[in-house]
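Data block below; observations after.
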Amino acid sequence: MPSTELEVAPLSGAQKAAVLLVQVGQENAAKVLAHMRPAEIEELTAEILRLRSVSAETAGVVLQEFHDMIVAPLRGGAGGMDFAQALLEGALGTDGAAEVLGRVAEAAVVQPFQFLHQADPQQILTFLTGEHPQTIALVVAHLRPDQSSMILGGLAPEMQADIAYRIATMEATSSEYVRMIEDVVQRRTSTVLQAKSNTAVGGVQPLVDIINRADRGTERSILEGLAKVDAPLAEEIRGLMFVFEDITTLDDRSIQLVLRGVETADLATALKGVKEVVRDKILRNVSERARENLVDEIDMLGPVRTSAVEEAQTKIVQVIRQLEESGQIVLTRGGDDDFVA
4 MPSTELEVAP LSGAQKAAVL LVQVGQENAA KVLAHMRPAE IEELTAEILR
54 LRSVSAETAG VVLQEFHDMI VAPLRGGAGG MDFAQALLEG ALGTDGAAEV
104 LGRVAEAAVV QPFQFLHQAD PQQILTFLTG EHPQTIALVV AHLRPDQSSM
154 ILGGLAPEMQ ADIAYRIATM EATSSEYVRM IEDVVQRRTS TVLQAKSNTA
204 VGGVQPLVDI INRADRGTER SILEGLAKVD APLAEEIRGL MFVFEDITTL
254 DDRSIQLVLR GVETADLATA LKGVKEVVRD KILRNVSERA RENLVDEIDM
304 LGPVRTSAVE EAQTKIVQVI RQLEESGQIV LTRGGDDDFV A
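Here the sequence shown is numbered in our numbering, starting from 4 and rising by one per residue.
So this is what it looks like as structure tokens:
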């Protein structure tokens, strides 16, 4: 499927909703989808899949529009923060509402040195090399944590300690001074730093993350709707929703049920090169004699093509799916309720 990059040019309502859903995170997006009709879920799913990247500016515009919509007076009634919070808590719960409002507030307020937030940390490091330690500390303290850690990691050890100390002991700095330093840095880096103008927010994996946190009804609705539109894509998503290594999340009884429907040759091939935790989980759920035979067969296989291993693992995952569909086992996904005895 060709990539689609959205600009601030007019977006459809469905496109805006797709951008918003990805911005609020998988768990909150799953909760929103659970309240929608199948047709709406299918339409939004298609839009999320089309989103390969979207500019930070576009994401901010969508969030700001959402903010304006929920805080504006509604048909003559009172809007404001109380209305927005009540509206979101009804749909997402207290924690979900707080997260969305936090994202909206963050998008609406321009933080110092925000022009560096999409820049390559290596480029920022190159610019900061040779600057006064206090300037470096001030800049690093206002960057994203992942950027700051990479920049500190690129400094000399003695400089790392100095900058870390300055950040830790930095007291409240006047906004005028911060803006002055920001203006100087922005002027001097305008022709040096290349901002990462696009941030990946859509595509298959984000959709898989959303589906994995949705309830089973929503999951089924999405996958069935996708299968009608693009069967290979639906199968690709199914494949990503439960991989062979996830077998470690099954309880012993479920694994034993799975192994009954698996050929020993396929199982031996599937276990070639897997992590010890996966291999141990399987071996603990077979008899001592079967364990010895399985280990011997794995050893006798010798080198095996990766494609053959993946094919064998796929067969086992298919057995797992069949057992789940028949209700004989339950797969644990993010957002599933815990069980009580």
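Yeah, the Cβ is synthetic: ideal placement off N, Cα and C, and Gly gets one too.
Residues ILE250, LYS284, ILE285, ASN288 of the same chain have their beta carbon placed closer than 8 Å to that of ILE258, with the five preceding and five following residues left out of the count. Contact between LEU229 and THR48 is confirmed by a C-beta separation of about 6 Å, below the 8 Å threshold. For the pair VAL312 and GLU266, the Cα-to-Cα distance works out to about 14 Å. When the Cα atoms are used, ASP123 and ASP149 turn out to be separated by approximately 11 Å. Excluding its 5 nearest sequence neighbours in each direction, PRO306 has no C-beta neighbour in its own chain below 7 Å. ALA273 and VAL246 have their alpha carbons spaced roughly 12 Å apart.
A straight-line Cα-Cα distance of about 42 Å links VAL277 and GLY63. By the neighbour-count definition (other C-beta atoms within 10 Å, threshold 16), VAL280 is an exposed residue. When rounded, the separation of the alpha-carbon atoms in SER329 and GLU295 is 31 Å. Minimum Cα-Cα distance from LEU54 among the listed residues LEU23, GLN331, MET72, LEU66 corresponds to LEU23.
Restricting attention to THR132, SER151, HIS135, the CA atom closest to the CA of GLN121 is found in SER151. Collapsing the DSSP output to three states places GLN114 in coil. Across the structure, LYS275 and ALA234 are spaced so that their CA atoms are roughly 30 Å apart. DSSP, reduced to helix, strand and coil, places PHE245 outside both helices and strands of the structure shown, so it counts as coil. Taking every protein chain shown into account, the CB of LYS19 has 16 or more other CB atoms within 10 angstroms, so this residue is buried. Here VAL232 is exposed. Its C-beta has fewer than 16 other C-beta atoms within 10 Å.
If you draw a straight line from the Cα of ILE323 to the Cα of GLY264, it comes to about 9 Å. Three or more Cβ pairs drawn from the region 163-181 and the region 135-143 lie within less than 8 Å of each other, which places the two stretches in contact. PRO306 sits in coil when the DSSP states are folded into three classes, being neither helix nor strand. Cα atoms of GLU248 and LEU226: separation of roughly 22 Å, rounded to the nearest angstrom. If you look at ALA171, you'll find it in the alpha helix (DSSP H) that goes 160-171. The continuous stretches of alpha helix (DSSP H) do not include VAL289, and DSSP gives it neither H nor E.
In this structure, THR172 keeps its C-beta atom at 7 Å or more from the C-beta atom of ALA37. For ARG190, the enclosing alpha helix (DSSP H) begins and ends at 178-192. Sixteen is the threshold: since fewer than 16 other Cβ atoms of the shown chains lie within 10 Å of the Cβ of ALA42, the residue is exposed. Annotation for LEU253: no alpha helix (DSSP H) segment contains it, and DSSP assigns it neither H nor E. Of the other Cβ atoms in all chains shown, fewer than 16 fall within 10 Å of the Cβ of VAL187; this residue is therefore exposed. In this structure, the alpha-carbon of LEU297 lies about 11 Å from that of LEU304.
For LEU260 and ALA293, the gap between their C-alpha atoms comes out near 15 Å.
Taking C-alpha positions only, GLN208 is separated from ASP302 by approximately 35 Å. Separation of PHE69 and LEU14 (C-alpha to C-alpha, rounded to the nearest whole angstrom) is 13 Å.
Look at MET39 here: in three-state DSSP terms it is coil, with no helix or strand label.
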